[in-house]
Structure formats: C-alpha cells, structure tokens
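In this note's numbering, the protein residues as written are 1407 to 1827.
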C-alpha cells in the first residue's frame, strides 16, 4: 500500500476510537468551533474557490459542473448554517432500540454505535467536505476524504479551517483526513484500504459509482445517480402542476434530484403541453420529446425542441433539458420508470388517491412524491441537518443519509451473573 495512504488510514483508525467515546456535548462544541472558524475564514475559502472556478473554466468544464463547484457568500453561509443545525439534532450514538428481557432474565438491547471510518470520494462539490465532516463528528465517525482535482484549492482551504476548529475544541484533527494528492491512481488503492476503512461513499456520477462497485474491497453505498421523473395523471390540477414541474427542473438544474423526464397522460396532453410551452420558453428549457409529444410541442410553436433518440430517456441531464413522453396511464408510467432507472426521486401529480398509492408503492425510487417537487430530496429539507449521500441502493440505507444512517448497532446483553444452562 502507498505509504501516504497508509499513514492517513492509521491516523483515521486510531482517531475513530477516540471520537467514538466523546460525549455529545464535546462533539457539539467541536462543531460550533468549526462553524466559527469557517465563518472567520470565509474570504480565504471563497478566494480559493474562485481559483478553482477559473481553472475549471479554462479546462472547459460544463456549466452544470461549474454550478456544483461554485462557493459564493450565500452558499458558504448556508453550509455553515447546516453545521450549526447538526448541533441541534439528537445524537443517535448510545440510543437503544428493540430492548427486551428474555425468559432466562437476560436483558437485550441494540445500542447505536459509530460505523468507524468512512472513506468518501467526490467530485466538484466542495460543500460535501463540510457536510461529511459535520455528520461524522456528530456520530463519532472518522473520515478520509478524497475530493476531485477541480476542487482541490477549495477543499484545502475548507480542511484547514475545519482542522483549526477541531484543535480549538480539543478534538484530534486526525479524525478528519484529506487526500490532497490528485493522482487518479490513488483511488484504486484507496478502495482497497479495508484494513482501515469501514464504508466507502462515492458522491458523483454513474462512472464513479461503477468504479467503486467494481474495485472496492470495502462495502460501498451507491447513491446520487438516477433518472428523476414526474408523471402528470389524467385528473391532475394542470394549472398547479406547471409550477411544480418548473421548480423541479429550474430551481437547481444540476442537482441530482432535478427533473429529467416528464411523463404526461395522453388524455390531458393536448391541453397541458401548450401550458408547459408558455412557461418553458421563459427559462429556455430544451425539450427532447418522443413523436406524439414532439408534434404537440411543435403545434404549440415551441422552438427549443428535439426528437428523442433511443437513449434520451436514460439521460441525467444536469441542465435545462427535459425528456418528455406521453403515456396512457399510471401503469405505463411505472413501466417506463422501471426501464429507465428511476432510483432517485420521482413524483406523481394527481387527484386520484388510488393512482397516487399505486405510483409510490410501485416506483423504485429512494424518495417518491405525491403532488410535490422532486427537489425536496435532501438531508436539510428532510430535517436531517446535512446529508452524507443520497443512497439509491436498499442496504443499509435508502434515500438521504443523515445521522442515524451513519450508525450501526451493537447487542448489549446484561445479566445478573447469568450462565447458560
């Protein structure tokens, strides 16, 4: 193993034992100290991020990735606010679940414990650095972070502030390790550090998740990727549906829970598509549509229009493009979602309770919505404080992963000098 990685692994593993036994008060003190330090060093962090943005533009990075990379005053203030919110949340570590007393007098309980050391690989998202650290400290987990080369300056500035905050609070900064070498070959070695790391969490696109699945000798949580759908049912309130669709697509187009594919019941399409076209043009949304939907948009005079190709409905657009298809009913909508990777966030707009229940029970997504925007799939929006990832697999977590999802449990067995007969 690379000596550089081994040293980080050893430090993180040792620090995880120290962090696991810290009191909630001490962990909260550490988080508040980190928040204060980040606040004091805002200008340094934003300047470092501007350097990353300038270099990314020179390399021709897409607008969607530039948006993810950007840290301005407003976003950084929000990130710091999320750290403070984590302080106010209940600490799951030490809580007991499923307690019972056996006939022989043995008392059993499952007690929540930290997982240990988390290895997190992520791309152009500097906010992930702070989110991971705050949730890990609160749950007593150490972490080893590997951000992308495009965000190296931002992450170095953030980690410097985080370490200063930890030192001020008297908590070992070894609990937060950062890989500041951007050599891609290190990723393969990182994924085999099972001696030190207990769980790998990739935060990026399908390619990163595939690499982690194929190369890791450590359990991997796959998340953050999936085609997000909205199905407009035959009796949906069409006027109220338009703002929900616009919000799902436009509020932050590069987000993983932004709308990718809109499925419209063919019974309302002729009336609804001109309504959509009128709003879409305001935001310059490109429509990629199958034949019947294409003809209706064309009839409505919509110009930013393209005929769908075979793979169009498998695209996570990450920008102001939406795929549109007409379907005959909720069953056909569900079939479409099953074929086209609906594992993240999907919504039905309807006034039919039975169809709503059929949709949320039948869709494969981590978060299923009724008459709401898909943009709510987020740890902060769900009241989890921040999130470490949005898991789109079903073991051991599904959906936004907050504090509870970063714990395991230990059986606590208590007797009165009890022996087995």
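Backbone N, C-alpha and C define an ideal beta-carbon position, used for all residues, glycine too.
Exposure of residue i, with buried meaning 16 or more beta-carbon neighbours within 10 Å
i, result
"residue 1723", "buried"
"residue 1569", "buried"
"residue 1638", "buried"
"residue 1498", "buried"
"residue 1446", "exposed"
"residue 1543", "buried"
"residue 1529", "buried"
"residue 1741", "exposed"
"residue 1812", "buried"
"residue 1415", "buried"
"residue 1539", "buried"
"residue 1496", "exposed"
"residue 1537", "buried"
"residue 1689", "exposed"
Reference residue i; option with closest CA among the options
i, options, result
"residue 1581", "1484, 1433, 1658 and 1459", "1433"
"residue 1485", "1786, 1439, 1463 and 1822", "1786"
"residue 1587", "1603, 1436, 1498 and 1408", "1408"
"residue 1800", "1536, 1627 and 1534", "1627"
"residue 1817", "1501, 1715, 1756 and 1603", "1501"
"residue 1685", "1623, 1709, 1573 and 1509", "1709"
"residue 1429", "1730, 1758 and 1520", "1520"
"residue 1578", "1411, 1417 and 1827", "1417"
"residue 1423", "1454, 1803, 1822 and 1604", "1604"
"residue 1814", "1516, 1411 and 1718", "1516"
"residue 1478", "1492, 1455, 1490 and 1470", "1455"
"residue 1611", "1632, 1601 and 1707", "1632"
"residue 1649", "1683, 1620 and 1819", "1683"
Under 9 Å between C-beta atoms of residue i and residue j
i, j, result
"residue 1670", "residue 1726", "no"
"residue 1488", "residue 1792", "yes"
"residue 1702", "residue 1679", "yes"
"residue 1524", "residue 1810", "no"
"residue 1439", "residue 1571", "yes"
"residue 1561", "residue 1535", "yes"
"residue 1731", "residue 1667", "yes"
Sheet register partners of residue i (DSSP bridge)
i, result
"residue 1549", "1524 and 1582"
"residue 1605", "1524"
"residue 1692", "1727"
"residue 1818", "1515"
"residue 1797", "1629 and 1805"
"residue 1758", "BP columns for residue 1758 are empty, so no partner."
"residue 1418", "Its beta-bridge partners do not exist; DSSP assigns none."
"residue 1773", "1751"
"residue 1637", "1669 and 1754"
"residue 1712", "1694"
Any chain C beta carbon closer than 9 Å to residue i
i, result
"residue 1827", "Looking at the structure shown, chain C is missing, and only one protein chain is on hand."
Decide yes or no for the touch test of the stretch 1505-1514 against the stretch 1541-1561: beta carbon pairs closer than 8 Å, at least 3 of them. Not touching, per the Cβ criterion.
Taking three-plus beta-carbon pairs below 8 Å as touching, is the stretch 1632-1648 in contact with the stretch 1747-1759? Yes, they touch.
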